[in-house]
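A short worksheet on the structure shown next.
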Amino acid sequence: MKIEKLKNREELLQNKKYIKVYRKLQNVITAINNKEIPNEFVCVINEDIKALNSFIGSEKQLIKRIKKTTSKILKFVDTKLKLVSKHHYRTIGLVMGMLFGPLLTYSIEGLGFGGLGMVFGMAVGIAIGVHLDAKAAKEGRQLDVENVEY
């Protein structure tokens, strides 16, 4: 069973924001379709796509809804199927390093080396994230889409 196609709104093809979010969601759908996932999960994702295809509202509301649906689908496949986008763990490692690097440095050295702690934390976080991304790719758990951030 495959995920339904996203309905393209011909009247919005001039809107660059719409085209951008539409393509991102379409790429996510294609990447998920390339993986073997159970039918029960396909049905859940299809419900979101059907709701999006039948959405009636302004351009701005539709773009916002597409962004939310994309995030919801990626979060769903991450939690239920452990499928992640490319550089998923690297991004998380970067953020965690930025957060915990200075805290660790402050607790050990005091306030003088906070900036150095952030750099060190980011480097360690990225290294761990790259390792986890490589592990996910080796196990076939990585979707063929870049990190979807808006």
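Residue numbers (my numbering): 164 to 313.
Note that CB positions come from ideal geometry on N, CA and C, so glycine has one too.
This structure is a prediction, so every number in the text was calculated from the model and none was measured.
Under the three-state reduction of DSSP output, Val247 falls in the strand class. With 16 or more other Cβ atoms inside 10 Å of its own Cβ, Asp296 counts as buried.
Ile291 and Ser217 have their alpha carbons spaced roughly 42 Å apart.
Here Gln305 really is in contact with Lys249; their C-beta atoms are around 6 Å apart, less than 8 Å. Taken atom to atom, the span from the alpha-carbon of Glu309 to that of Leu237 is near 11 Å. A straight line joining the alpha-carbon of Leu262 with that of Met285 spans about 9 Å.
The C-beta of Ala300 has fewer than 16 other C-beta atoms within 10 Å across all chains shown, which makes the residue exposed. For Gln224, the secondary structure class from DSSP, reduced to helix, strand or coil, is helix. The residues Asn196, Val205, in chain order, have a CB closer than 8 Å to that of Lys165 in the same chain once the five nearest residues on each side in sequence are set aside.
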